[in-house]
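Asks: First the structure, then my questions, so here it is.
In the numbering used here, the protein residues as written are 227 to 473.
Now the structure itself:
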């Protein structure tokens with residue numbers, strides 16, 4: 227039944243499972259064209275998913291991705307291997323001429339990599355396909371009300387004393403560092419978000435009025451949603467790094 231179709235849609239996990247079970251249908255055929263959507267999902271060549279995709283026999287290949295690099299150059303190398311760009315698809319060539327020289331910030335290696343990408347890729351920006359209005363960034367400084375401001379300052383100084391510049395040569399737990407930094411950021415949004423945290427912060431009842439950010443946001447939304455929009459219904463999208471902040 228597979229050969230009765232001109233186009234076959236399949237997920238990465240399905241290909242990986244069929245590869246593990248040595249399915250002949252997918253891996254013994256020679257495909258005319260293979261297109262990877264979200265191609266960065268094969269960035270780690272050691273995974274079963276990547277090995278399965280690389281094992282496909284195909285005449286033409288295309289990768290679609292918005293993030294060809296996630297961690298390091300190895301992510302990009304897997305894509306180069308998939309589309310079979312010779313000689314750069316050979317690991318010994320990549321490891322000799324690209325990876326170590328890029329790590330040393332060699333201008334010649336960087337230029338070589340840029341030329342390679344310009345040859346095998348087409349870059350499309352959002353501005354190329356969408357007519358978006360210009361982005362306007364407005365930073366608003368807000369004061370934290372007492373007693374939360376005093377509590378925050380105390381915890382901030384404790385954090386700075388433990389992880390400040392004068393401690394840069396000392397070893398410390400990075401997981402604990404980011405945990406405490408996150409709690410300080412949460413506390414700036416609303417004191418209740420820090421409840422049950424590592425810090426011994428006040429636990430008294432609070433409302434959204436205690437958060438300068440929420441109070442300012444509500445007033446800003448009221449102004450926006452009641453403004454004239456040339457006959458259009460005003461809309462607003464609110465993003466937050468923590469969903470609990472908006473709840």
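Using N, Cα and C, we set each Cβ at its ideal position, and we do this for glycine too. What you are looking at is a predicted structure, and each value in this text was computed from that prediction instead of being measured.
Could you say which of 244, 320 and 255 lies nearest to residue 278 if we only look at CA atoms?
Replies: Ranking 244, 320 and 255 by Cα distance to residue 278 puts 244 first.
Asks: Excluding the 5 residues preceding and the 5 following residue 252 in the sequence, name in chain order all residues of the same chain whose CB lies nearer than 6 Å to its CB.
Replies: 244.
Asks: Confirm, please, whether the CB-CB distance from residue 319 to residue 313 is below 8 Å.
Replies: Yes, the pair counts as a contact, with Cβ atoms nearer than the cut-off.
Asks: Using 10 angstroms around the beta-carbon of residue 460, count the other beta-carbons present and answer buried if the total reaches 16, otherwise exposed.
Replies: By the 10 Å Cβ count, residue 460 comes out exposed.
Asks: Cβ atoms of residue 308 and residue 267: under 8 Å apart, would you say?
Replies: For residue 267 and residue 308, no; Cβs fall outside 8 Å.
Asks: Across which residues does DSSP place residue 257 in a beta bridge pair?
Replies: According to DSSP, residue 257 bridges with 284.
Asks: Using DSSP with H/G/I as helix, E/B as strand and the rest coil, what is residue 312?
Replies: Residue 312: coil per DSSP, three-state reduction.
Asks: Rounded to whole angstroms, what is the Cα-Cα separation between residue 379 and residue 468?
Replies: About 22 Å.
Asks: For residue 439, I'd like the list of residues in its chain whose CB is within less than 6 Å of its CB, leaving aside the five on either flank, ordered along the chain.
Replies: Once the five neighbours on either side are set aside, the close Cβ partners of residue 439 are 415.
Asks: Distance check for residue 270 and residue 304, CA to CA, integer angstroms please.
Replies: So the alpha carbons of these two residues sit roughly 7 Å apart.
Asks: Suppose you measure from the CA of residue 292 to the CA of residue 376; what does that come to, to the nearest Å?
Replies: Near 44 Å, if we compare the C-alpha coordinates of residue 376 and residue 292.
Asks: Which of the three DSSP states is assigned to residue 270 in this structure?
Replies: Three-state result, residue 270: coil.
Asks: What do you get for residue 229, buried or exposed, if any count of 16 or more other CB atoms within 10 angstroms of its CB means buried?
Replies: Burial call: exposed.
Asks: Determine the closest residue to residue 406 out of 397, 417 and 381, with distance taken between C-alpha atoms.
Replies: Among 397, 417 and 381, the Cα nearest to that of residue 406 belongs to 381.
Asks: Report the option in 441, 347 and 388 whose CA atom is closest to the CA atom of residue 369.
Replies: Of the candidates 441, 347 and 388, the one whose C-alpha sits nearest the C-alpha of residue 369 is 441.
Asks: I'd like the span of the alpha helix (DSSP H) that includes residue 343, first residue to last.
Replies: Here the alpha helix (DSSP H) through residue 343 covers 333-346.
Asks: Near residue 336, what residues of its chain come up, given a Cβ to Cβ distance below 7 Å and the 5 sequence neighbours on each side ignored?
Replies: The answer, listed in chain order, is 328.
Asks: Are residue 284 and residue 256 touching if we call contact CB-CB under 8 Å?
Replies: Going by C-beta atoms, residue 284 is nearer than 8 Å to residue 256.
Asks: Could you pull the DSSP bridge partners for residue 263 from this structure?
Replies: Residue 263 is bridged to 290.
Asks: If residue 302 and residue 294 are in contact, beta carbons under 8 Å, what's the gap, nearest whole angstrom?
Replies: Going by Cβ atoms, the distance from residue 302 to residue 294 rounds to 6 Å, so yes, they are a contact pair.
Asks: Return yes when the Cβ of residue 443 is within less than 8 Å of the Cβ of residue 464, no when it is not.
Replies: Yes, the Cβ-Cβ distance between residue 464 and residue 443 is below 8 Å.
Asks: With a Cβ-Cβ cutoff of 8 Å, do residue 290 and residue 250 count as a contact?
Replies: Against a cut-off of 8 Å, the Cβ pair of residue 250 and residue 290 comes out as no contact.
Asks: Have a look at residue 348 and residue 322 and give me their C-alpha separation to the nearest angstrom.
Replies: Distance between the alpha carbons of residue 348 and residue 322: 26 Å.
Asks: How far does the alpha helix (DSSP H) with residue 400 in it extend, from its first residue to its last?
Replies: It spans 400-415 - the alpha helix (DSSP H) in which residue 400 sits, taken as one unbroken run.
Asks: Taking all protein chains shown into account, do 16 or more other C-beta atoms lie within 10 angstroms of the C-beta of residue 398, making it buried, or fewer, making it exposed?
Replies: When all chains shown are included, residue 398 counts as exposed.
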